[in-house]
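The structure appears below as structure tokens.
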Amino acid sequence: MIAEIVPGTYDALGKQVSQPRNKRYHVLFAPTLPLGRYLNRPLSVKCSNLDEVHCFLRQCRYVSDLKQFGQRDYWMPPEDFEIKKKGDCEDFALWTWRQLMALGYEARLVLGTRGRYGSGHAWVTFTDDERIFLVEPCLAWLSKKLPRFSVLRYKPELSVTYSGDRLRYFEHQESPYDPAFREALPLICEWIAFTGKYSHKIVARRIRTYISQIK
């Protein structure tokens, strides 16, 4: 669920803009309601630490908007998500963003792509002791900690912060990462160890997903 961002692998800060300008951002960033509406309603689940955030998300299930709401894209309010405990990436990310801000972290809702041929995706980043972390709420079922190399799959395009009375938007650029072998080796070893440890959970998940699709 959480991976530390290695400097140079990800444009974590971006460039502040008054409003998203690129036409593509309006495809990625298309909240069903005004964004402030997702931030000003009280939540019934109040996590006291990251472990509790992870524990709650492990109980939640990924379901597409088309299957749950009959719509291609619907951003569910966080207070509804914590009751239903199911949704797509924006629903997971919005709830997680709220919880991290409530814990006092400087956190961002991020929109971009995941994977080489990935379509639009949403996740969260937060800062802790001058280190920046990426949170993939949809992978809470797999592990609380993800390998640092996994960050390379995420390409941020737009992020949002909230200071309590103001929303700020940031545009991001792709960060080409070409590390020296000495720098890359521990990241690769960490990735291999993680994959070996959790490969059985990944395979089992894919089998369950396949079975549910053919029923």
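With the UniProt record's numbering, letter number 42 in the sequence shown gets 42, and the count goes up by one each step, no holes. Glycine residues also receive a C-beta, built at the ideal position from the N, C-alpha and C atoms.
Here leucine 152 has Thr9 and Tyr177 as same chain residues with Cβ atoms under 7 Å from its own Cβ, once five neighbours each way along the sequence are excluded. Take the alpha-carbon of isoleucine 5 and the one of leucine 134: they are about 6 Å apart. By the neighbour-count criterion, in which 16 or more other beta carbons inside 10 Å mark a residue as buried, threonine 96 falls on the buried side. Excluding its 5 nearest sequence neighbours in each direction, aspartate 65 has C-beta neighbours in its own chain below 6 Å: Gln71, Asp73, Tyr74 and Asp88, listed in chain order. Judged by DSSP secondary structure, tryptophan 123 falls within the beta strand (DSSP E) whose first and last residues are 120 to 128. Using a 10 angstroms sphere on the CB of isoleucine 188, the tally of other CB atoms stays under 16, which defines it as exposed. Phenylalanine 92 places its beta carbon 7 Å or farther from that of cysteine 47. Non-local beta-carbon contacts of glutamate 136 in its own chain, meaning distances under 7 Å to residues more than five positions away in sequence, involve Met1, Trp123 and Leu146 in chain order.
Annotated three-state conformation of phenylalanine 92 is helix, per DSSP. Here DSSP, grouped into helix, strand and coil, assigns alanine 30 to coil.
The three-state reading of DSSP puts tyrosine 177 in coil, since its state is none of H, G, I, E or B. Distance from alanine 12 to serine 150 at the Cβ level is roughly 15 Å; contact not present, criterion being Cβ atoms closer than 8 Å. Per DSSP, isoleucine 83 is not a residue of any beta strand (DSSP E); the alpha helix (DSSP H) it occupies stretches across 78 to 84.
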